[in-house]
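Heads up, the thing below is written out as C-alpha cells.
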Amino acid sequence: MEQFNTADKIAAYLGGGLVVFGVVVIGLLEMLFGSGHPVDGEGQIVHEALVPLEVRSYIILLGLIVWGVYAVYRVVATTPEPVPAEP
Numbered sequence: 057m058e059q060f061n062t063a064d065k066i067a068a069y070l071g072g073g074l075v076v077f078g079v080v081v082i083g084l085l086e087m088l089f090g091s092g093h094p095v096d097g098e099g100q101i102v103h104e105a106l107v108p109l110e111v112r113s114y115i116i117l118l119g120l121i122v123w124g125v126y127a128v129y130r131v132v133a134t135t136p137e138p139v140p141a142e143p
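Here this note's numbering is used: the first residue of the sequence shown is 57, the next is one more, and so on.
In C-alpha cells form, the structure reads like this:
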C-alpha cells in the first residue's frame, strides 16, 4: 500500500481522532479542570467527572468500532497479491 485511499484516511483520522480525543484530550481536561477526589464520611472517594465516564467511554468505543469496521473492510474488499511463479 503506497498511498492512503479515502477509506484509509477516514479510518485513520476519524477512528484515531476519536480514540485520542477520548483518552488524551478528555484526560488532560480532567486533570487540569476536574474536581479533586474528596473522601466522604465513610471513606469512599467521591468522583465527579467533568465529562461523564459513559460519554468518554462511548467516544473511545466509537473510535475502536471505526477501526474494526475498517479492518473488516480491508479483509473483504482487497484481494491478495498473486505469488510469482517459480521458474
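Positions of the beta carbon are idealized from the N, C-alpha and C atoms, including for glycine.
The model shown is predicted, which means the values in this text are computed figures rather than measured ones.
- Within the same chain, GLU86, GLY90 come within 7 Å of ALA105 by CB-CB distance, once the 5 residues on both sides are set aside.
- For VAL102, the secondary structure class from DSSP, reduced to helix, strand or coil, is coil.
- Secondary structure of VAL95 (DSSP, three-state): strand.
- Judged by pairs of C-beta atoms under 8 Å, the stretch 109–125 touches the stretch 69–79, as three or more such pairs exist.
- For LEU109, the enclosing alpha helix (DSSP H) starts and ends at 109–133.
- The Cβ-Cβ distance between VAL102 and VAL95 falls below 9 Å.
- Inclusion of ARG130 and ALA63 in the CB contact set at 9 Å is warranted, their separation being smaller than that value.
- Remark: C-beta atoms of ILE66 and ILE115 do not approach each other more closely than 9 Å.
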